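Peer 1: Here numbering that gives the first Met the number 0 is used: the first residue of the sequence shown is 0, the next is one more, and so on. Glycine residues also receive a C-beta, built at the ideal position from the N, C-alpha and C atoms. Note that the structure is a prediction, hence the values are computed from the model and not measured.
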Amino acid sequence: MADLTGLVALVTGASAGIGRHLAEGLAARGAAVAGVARGAERLRTAMAEVAAATGARTLALPADVTDRAAVDAAVAEVVRELGPIGLLVNNAGLIDAAEVPLWEADPDQWWEVVESQVRGPFLVSRAVLPGMVAVGGGRVVDLASGISTRANPHYSAYSAGKTAQMRITESIDLAGAAHGVRAFDLAPGVVDTAMTRAMPMHEGRTDWTRPEDVVDLVVAIAAGELDQWSGRFFRAGVDDLDTLRATEPADDARKLRLLPYGDGDPLA
């Protein structure tokens with residue numbers, strides 16, 4: 000078990016689901032964990048439970064990740080109360096309200112989903128990254144999805160947002176490399192949460208990704224065991240952690256790229 004004592008982690012969407020699992024998993028390994036979520040009461044309860052279960056320092060910061068002022072204030076409080084942030088997990092995000100084609104989607108809800116998946120990670124990363132650069136490094140984990148890498152006929156907002164988030168990850172990796180900052184895309188698979196159970200596409204599902212597999216990958220990232228994969232994509236429950244530790248990815252492996260139509264493709 001990696002020892003994360005001394006690490007300050009910020010997890011968005013920490014009050015429930017995957018974010019809640021990550022907050023407790025990081026705290027159990029010694030990290031001080033700040034959680035962000037919109038629901039103040041549920042978040043405070045969750046972070047208090049994490050502290051009680053692990054003995055770690057926790058901080059509950061109710062905030063909407065799409066609200067710039069709220070994000071800036073929350074990040075400043077984390078640094079003031081816990082210290083410089085060494086790990087950011089962008090987990091918060093919404094999903095399409097209904098499985099319908101794009102032309103039947105509610106425009107306001109569609110855009111709200113995209114904002115949660117793009118504006119949210121942008122604002123939080125923008126607030127956190129200067130601190131990482133100042134201290135010589137840090138790590139960002141963006142919660143991705145299989146829908147990040149392939150089209151979906153019914154979740155167009157979620158697909159668009161998650162694909163854009165992958166570009167944010169790669170931008171952080173490219174610009175941050177010289178400053179010791181690394182960034183990763185992690186698809187958690189299908190974890191049994193209230194959100195996934197509400198999705199018609201998962202009705203009747205019995206094969207779920209274990210939350211522990213998601214936590215183990217984030218912990219390995221936080222411990223610096225997977226730095227050679229910065230700017231690339233993992234999938235919990237499928238990728239083997241020992242294999243990842245021992246592998247040096249080459250070229251554009253596990254990056255989102257346009258496939259050429261042949262050797263003569265001028266864009267190849």
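Apart from the five residues on each side of it in sequence, which residues of its chain come closer than 7 Å, Cβ to Cβ, to V117?
Peer 2: Closer than 7 Å at Cβ, skipping near neighbours: G160, A163 and Q164.
Peer 1: Could you give the first and the last residue of the continuous alpha helix (DSSP H) run that contains V218?
Peer 2: Start and end: P210 to A221.
Peer 1: Going by C-alpha to C-alpha distance, which of M194, P120 and P265 sits closest to R166?
Peer 2: Of the candidates M194, P120 and P265, the one whose C-alpha sits nearest the C-alpha of R166 is P120.
Peer 1: Is I171 near V139, with beta carbons less than 8 Å apart?
Peer 2: Their beta carbons are under 8 Å apart, which means I171 touches V139 by this criterion.
Peer 1: Where H178 and G223 are concerned, what is the direct C-alpha to C-alpha distance, given to the nearest angstrom?
Peer 2: Spanning the two alpha carbons is a distance of roughly 15 Å.
Peer 1: Tell me where the alpha helix (DSSP H) around R37 begins and ends.
Peer 2: No alpha helix (DSSP H) holds R37; DSSP gives it neither H nor E.
Peer 1: Of all the alpha helix (DSSP H) runs that stay within the bounds of the segment 142 to 186, which reach a length of 4 or more residues?
Peer 2: If we require 4 residues or more, the alpha helix (DSSP H) runs fully inside the segment 142 to 186 come out as 155 to 175.
Peer 1: Does the pairing of the segment 41 to 54 with the segment 99 to 118 give three or more beta-carbon distances under 8 Å?
Peer 2: Judged by Cβ distances under 8 Å, the segment 41 to 54 makes no contact with the segment 99 to 118, as fewer than three pairs qualify.
Peer 1: Can you list, in chain order, the stretches of the alpha helix (DSSP H) that have 4 or more residues and sit fully within the segment 28 to 107?
Peer 2: Counting only runs of 4 or more, we get 39 to 53 and 67 to 80.
Peer 1: Buried or exposed: which applies to D226, given that a residue is buried once 16 or more other Cβ atoms fall within 10 Å of its Cβ?
Peer 2: Label assigned to D226: exposed.
Peer 1: Take S115 as the anchor and find which of V70, P210 and L266 has the nearest alpha-carbon.
Peer 2: The shortest C-alpha separation from S115 is found at V70.
Peer 1: With 16 as the cutoff for other CB atoms within 10 Å, does L266 come out buried or exposed?
Peer 2: Looking at its Cβ environment, which holds fewer than 16 other Cβ atoms inside 10 Å, L266 is exposed.
Peer 1: Looking at S124 and the ligand ZN, is the gap between the Cβ and the nearest heavy atom below 7 Å?
Peer 2: In terms of ligand content, the structure shown is empty, and the ligand ZN therefore cannot be addressed.
Peer 1: Count the other C-beta atoms from every protein chain shown that fall within 10 angstroms of the C-beta of R244, then say buried if there are 16 or more, exposed otherwise.
Peer 2: That one is exposed.
Peer 1: Taking 8 Å as the cut-off, does the segment 29 to 43 touch the segment 147 to 157 (at least 3 CB pairs, one atom from each stretch)?
Peer 2: Touching, no, given that fewer than three Cβ pairs across the two stretches are closer than 8 Å.
Peer 1: Under DSSP, the alpha helix (DSSP H) around R244 begins and ends at which residues?
Peer 2: R244 -> alpha helix (DSSP H) spans L240 to A245.
Peer 1: A252 by DSSP, collapsed to three states: which one?
Peer 2: Three-state DSSP puts A252 in coil, outside helix and strand.
Peer 1: In the DSSP assignment, what are the bridge partners of V113?
Peer 2: Answer by DSSP bridge pairing: none, since V113 is not bridged.
Peer 1: Going by the CB atoms, is the gap between V112 and L93 shorter than 8 Å?
Peer 2: Closer than 8 Å, so yes.
Peer 1: Below 8 Å between beta carbons: does that hold for T11 and V64?
Peer 2: Going by C-beta atoms, T11 is nearer than 8 Å to V64.
Peer 1: Given this structure, state the Cα-to-Cα distance separating G130 from D264, to the nearest angstrom.
Peer 2: C-alpha separation (whole angstroms): 43 Å.
Peer 1: Alpha carbon to alpha carbon, what distance is there between L6 and G82?
Peer 2: Each residue's Cα considered, the two are about 9 Å apart.
Peer 1: What is the rounded straight-line gap between the Cα of T4 and the Cα of G24?
Peer 2: Roughly 13 Å separates the two Cα atoms.
Peer 1: Short of 8 Å in beta carbon distance, which residues of its chain neighbour L42, apart from the five on each side in sequence? Order them along the chain.
Peer 2: Hits under 8 Å: A13, S14, G34, V35, A36, A59, L60 and P61.
Peer 1: Quick one: Cα of A143 to Cα of D262, how far?
Peer 2: Each residue's Cα considered, the two are about 31 Å apart.
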